[in-house]
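Q: Provided herewith is a single structure, encoded as structure tokens, for subsequent inquiry.
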Amino acid sequence: MKPNDRNREIAHHIFTGSITMVGVCITVITLFRVIKTRLQTYADELLAIDTFVFIAAALFSYAALRKENNHRLERLADILFFGGMLVMPVVGIIIIYSTY
């Protein structure tokens with residue numbers, strides 16, 4: 002497998018993963034609103050920011066898929082996706098801590 006093919010495969014995985022994580026974030030935010038918890042947490046605000054991070058990762062990975070030999074976009078998409086994934090356990094801990 003050529004290095005360029007490997008990068009395109011990674012960009013493809015980042016694209017599909019980012020779009021999925023946008024759906025997960027929006028679903029959890031919606032659940033917060035439907036349940037109408039009286040608890041004040043920053044979990045939904047963090048998820049809203051995380052949604053934009055995943056959208057940016059999806060856009061950069063899509064641009065990397067469309068353009069030949071653009072390692073900067075691939076790297077930026079990778080960093081954004083990884084950063085967004087790092088926020089998810091923090092949100093999970095906040096949710097668990099605030100509900101129990």
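In the numbering used here, the protein residues as written are 2 to 101.
Virtual Cβ for every residue (Gly too), placed ideally from N, Cα, C.
1. Which one of Met89, Ile11, Tyr98 has the shortest CA to CA distance from Leu47?
2. With distance defined between alpha-carbon atoms, name the residue in Met22, Gly85, Asp79, Thr100 nearest to Ala12.
3. Heavy atom of the ligand ATP less than 7 Å from the Cβ of Asp79, yes or no?
4. Give me the Cα-Cα distance between Ala44 and Val92, rounded to the nearest whole angstrom.
5. With DSSP run on the structure shown, which of helix, strand or coil describes Glu75?
6. Have a look at Glu69 and Ile94 and give me their C-alpha separation to the nearest angstrom.
7. Going by C-alpha to C-alpha distance, which of Thr42, Glu10, Ile27 sits closest to Asp51?
A: Reading from the atomic positions:
1. Taking the sequence shown and counting its residues from 1, one reaches residue 47 at position 46. Closest in C-alpha terms to Leu47, from the list Met89, Ile11, Tyr98, comes Met89.
2. Position 11 of the sequence shown holds residue 12. Closest option to Ala12, judged by alpha-carbon separation, among Met22, Gly85, Asp79, Thr100: Asp79.
3. Although the ligand ATP was asked about, the structure shown includes no ligands whatsoever.
4. Taking the first residue of the sequence shown as 1, we reach residue 44 at position 43. Taking the first residue of the sequence shown as 1, we reach residue 92 at position 91. Per the coordinates, the alpha-carbon of Ala44 lies some 5 Å from the alpha-carbon of Val92.
5. Counted from its first residue, the sequence shown places residue 75 at position 74. In the structure shown, Glu75 sits in a helix (DSSP, three-state: H, G or I).
6. If you number the sequence shown from 1, residue 69 lands on position 68. If you number the sequence shown from 1, residue 94 lands on position 93. Between Glu69 and Ile94, the C-alpha separation is close to 40 Å.
7. Counted from its first residue, the sequence shown places residue 51 at position 50. Minimum Cα distance to Asp51 is reached at Ile27.
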